[in-house]
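S.K.:
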Amino acid sequence: MSHVFPRHTRSLPPVVARGEGVYLYDTTGKAYLGGSGGAAVSCLGHGDAKVVAAMKAQLDTVAFAHTGFFTSEPAERLADRLVSLAPEGLDRVYVVAGGSEAMEAAIKLARQYHLEKGETGRVNIIARRQSYHGNTLGVLATGGNAWRRAPFAPLLIDVHHVSPCYAYRGMEPGETEEQYGARLAAELETMVQELGPETVMAFVAEPVVGATLGAVPAVPGYFRRIREICDRYGILLILDEVMCGMGRTGTLFACEQDGVAPDICAIAKGLGAGYAPIGAMLCSAGIYAAIEAGSGFFQHGHTYLGHPTSCAGACAVLERLVDDRLLDRVAPMGATLRAALVDRFGRHANVGDIRGRGLFLGLELVADRDRRTAFDPSRGIAGKLKAAAFAEGLICYPMSGTIDGQQGDHVLLAPPFILTEDHVGE
Ligand code: PLP
Numbered sequence: 005m006s007h008v009f010p011r012h013t014r015s016l017p018p019v020v021a022r023g024e025g026v027y028l029y030d031t032t033g034k035a036y037l038g039g040s041g042g043a044a045v046s047c048l049g050h051g052d053a054k055v056v057a058a059m060k061a062q063l064d065t066v067a068f069a070h071t072g073f074f075t076s077e078p079a080e081r082l083a084d085r086l087v088s089l090a091p092e093g094l095d096r097v098y099v100v101a102g103g104s105e106a107m108e109a110a111i112k113l114a115r116q117y118h119l120e121k122g123e124t125g126r127v128n129i130i131a132r133r134q135s136y137h138g139n140t141l142g143v144l145a146t147g148g149n150a151w152r153r154a155p156f157a158p159l160l161i162d163v164h165h166v167s168p169c170y171a172y173r174g175m176e177p178g179e180t181e182e183q184y185g186a187r188l189a190a191e192l193e194t195m196v197q198e199l200g201p202e203t204v205m206a207f208v209a210e211p212v213v214g215a216t217l218g219a220v221p222a223v224p225g226y227f228r229r230i231r232e233i234c235d236r237y238g239i240l241l242i243l244d245e246v247m248c249g250m251g252r253t254g255t256l257f258a259c260e261q262d263g264v265a266p267d268i269c270a271i272a273k274g275l276g277a278g279y280a281p282i283g284a285m286l287c288s289a290g291i292y293a294a295i296e297a298g299s300g301f302f303q304h305g306h307t308y309l310g311h312p313t314s315c316a317g318a319c320a321v322l323e324r325l326v327d328d329r330l331l332d333r334v335a336p337m338g339a340t341l342r343a344a345l346v347d348r349f350g351r352h353a354n355v356g357d358i359r360g361r362g363l364f365l366g367l368e369l370v371a372d373r374d375r376r377t378a379f380d381p382s383r384g385i386a387g388k389l390k391a392a393a394f395a396e397g398l399i400c401y402p403m404s405g406t407i408d409g410q411q412g413d414h415v416l417l418a419p420p421f422i423l424t425e426d427h428v429g430e
């Protein structure tokens, strides 16, 4: 009998034995094609020699040193590299152990920034419905996914939610993308005014919504309008690139394609590519300066901050993405995969939408394609699809629509960047 506490207690998963390229193998020898990189993690595939060597070398040097006492060469190198590659203005890097930690740090930094500046009344966070920012209580409250929040609702802080930018379901007949983006931005501005601008500390969003909507980018111009509103009212823009960042959409940071830079950005998943549990929060020089000029202390820490072995791995991941130009494969391979999906499923009666950017693609599953009717959530379509695909040896990432009935089931695809046309065919 196993003593592991599995996530699904009624269906025990197979035991993984090894990984090679885009495949995982279980102990019976069965191969699984990694169509979603786990949950958009394995951007390099398995067994990347450069990353493995970098981490081994670091383990031989110093595996861990607490940031209460030391910084480390790999942490310094990682911060320098990330800042050199990040959108304009992001200047400091706070290295944590995963995505929820990075987002939790982002929210707390936003609050502390306003406090240090004497704007103590800025307590309100505005985020978007059907978003996911992590599983710890602060960021679970920030996320707007009804199903994930439901069991813990009594424990969650109040966060205000506006509509997501979800053209397939949100755009009204006759409305242009520009008008839709402007309408959503106006909704945010109205909420800011209702709450009182001096009470709002941050607006939080994923540039391309991952787990909860299935690779949904914003319409052109949306984020530029959001940036303007944040600037107008002194509100910090926090972008959650935990899933869509690190090259997944074809640029290292997804927001580059929206033409905006955030005040704070969270990354994780692809940063460690599955080789190390790591995430990072990047913030502007101005935010850092406010802390430095104020208390001089960011009141938030975790034991594994700046973990040297994880940082060495992440530095090697960036070398693979940028210096070895794996990032350059994302847009063309994404276009190939999308074309294959459109060819195979574009006219399928139960596929309502195929969308995404780069190697971050989503299919929305519908009961009625013409009316865009979602499947009844009680049918558990996503779960059945996940099980059927897994049985065939394909790992993909389906999710059920939420209980608020405003979205359908979807399948998320986020394969490693080493994907070839043969894998697409498979
Ligand atoms: N933010 C986004 C957009 C995510 O997709 C996720 C995880 O799926 C998280 C935050 C949380 O990251 P982690 O699971 O590493 O804590």
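Residue numbers (the working numbering): 5 to 430.
We put the beta carbon where it would ideally sit given N, CA and C, even for glycine.
Nearest-angstrom Cα distance between L398 and R22?
M.R.: Cα to Cα, the separation comes out at about 16 Å.
S.K.: On the CB-based measure, 16 or more other CB atoms within 10 Å of its CB, does E108 come out buried or exposed?
M.R.: Buried: at least 16 other Cβ atoms inside 10 Å.
S.K.: For the segment 286-355, which segments carrying the beta strand (DSSP E) assignment without a break, of at least 3 residues, lie completely within its bounds, in sequence order?
M.R.: The qualifying runs do not exist here; there are none.
S.K.: Is there at least one non-hydrogen atom of ligand 1 closer than 6 Å to the beta-carbon of G108?
M.R.: In the sequence as displayed, the identity of residue 108 is Glu instead of Gly. Checking every heavy atom of ligand 1 against the Cβ of E108, none is found closer than 6 Å.
S.K.: For H304, collect the residues of the same chain with a Cβ closer than 6 Å to its Cβ; drop the 5 residues on either side in sequence, then sort them by chain order.
M.R.: A109 and K112, listed in sequence order.
S.K.: Go ahead and pull the three-state DSSP assignment for A284.
M.R.: Strand at A284.
S.K.: Could you give the distance in angstroms between the alpha-carbon of A270 and the alpha-carbon of E260?
M.R.: For A270 and E260, the distance between alpha carbons rounds to 14 Å.
S.K.: Which whole runs of the beta strand (DSSP E) in the segment 170-233 are 3 residues long or more, in chain order?
M.R.: Taking only runs of at least 3 residues, the beta strand (DSSP E) segments lying wholly in the segment 170-233 are 204-209.
S.K.: Name the residue from E430, I242 and G251 whose alpha carbon lies nearest to the alpha carbon of A265.
M.R.: Considering only alpha carbons, the answer is I242.
S.K.: Pick from P177, S167 and T216: whose alpha carbon is nearest that of E193?
M.R.: Among P177, S167 and T216, the Cα nearest to that of E193 belongs to S167.
S.K.: Return helix, strand or coil for E108, following the three-state DSSP convention.
M.R.: Helix.
S.K.: Please go through the same chain and pick out, in chain order, the residues whose beta-carbon is closer than 8 Å to the beta-carbon of V19, but skip the five residues on each side of it.
M.R.: If we look at V19 and ignore the five residues flanking it on each side, its Cβ neighbours are D30 and T31.
S.K.: Between V163 and ligand 1, is there a pair consisting of the residue's CB and a ligand heavy atom that are separated by less than 6 Å?
M.R.: Incorrect: V163 has no Cβ contact closer than 6 Å to ligand 1.
S.K.: Compute every distance between the C-beta of H352 and the non-hydrogen atoms of ligand 1, then say whether any falls below 6 Å.
M.R.: H352 Cβ: outside cutoff for every heavy atom of ligand 1.
S.K.: Among K60, Y117, P201 and Q62, whose alpha-carbon lies nearest the alpha-carbon of I130?
M.R.: Closest option to I130, Cα to Cα, is P201.
S.K.: Does DSSP put V56 in a helix, a strand or coil?
M.R.: Three-state result, V56: helix.
S.K.: When the Cα atoms are used, what is the spatial distance from E92 to Y237?
M.R.: Rounded to whole angstroms, E92 to Y237 spans 21 Å at the Cα level.
S.K.: Does the pairing of the segment 320-334 with the segment 168-184 give three or more beta-carbon distances under 8 Å?
M.R.: Too few Cβ pairs lie closer than 8 Å, so no.
S.K.: In three-state terms, what does DSSP make of F156?
M.R.: Residue state, collapsed to three classes: helix.
S.K.: Is the beta carbon of V212 closer than 7 Å to that of T253?
M.R.: Yes.
S.K.: Using three-state DSSP, classify D162 as helix, strand or coil.
M.R.: In this structure, D162 counts as coil in the three-state DSSP scheme.
S.K.: Determine the closest residue to S88 out of L367, C319, D413 and H414, with distance taken between C-alpha atoms.
M.R.: Cα-wise, what sits closest to S88 is C319.
S.K.: Would you report the Cα separation of G72 and D84, rounded to the nearest angstrom?
M.R.: Approximately 20 Å between the Cα atoms of the pair.
S.K.: Is any non-hydrogen atom of ligand 1 found closer than 6 Å to the C-beta of H137, if you look at the structure I gave you?
M.R.: Yes, the Cβ of H137 comes within 6 Å of a heavy atom of ligand 1.
S.K.: Given 6 Å as the limit, tell me if M175 has its C-beta closer than that to any heavy atom belonging to ligand 1.
M.R.: It does not: the Cβ of M175 is nowhere closer than 6 Å to a heavy atom of ligand 1.
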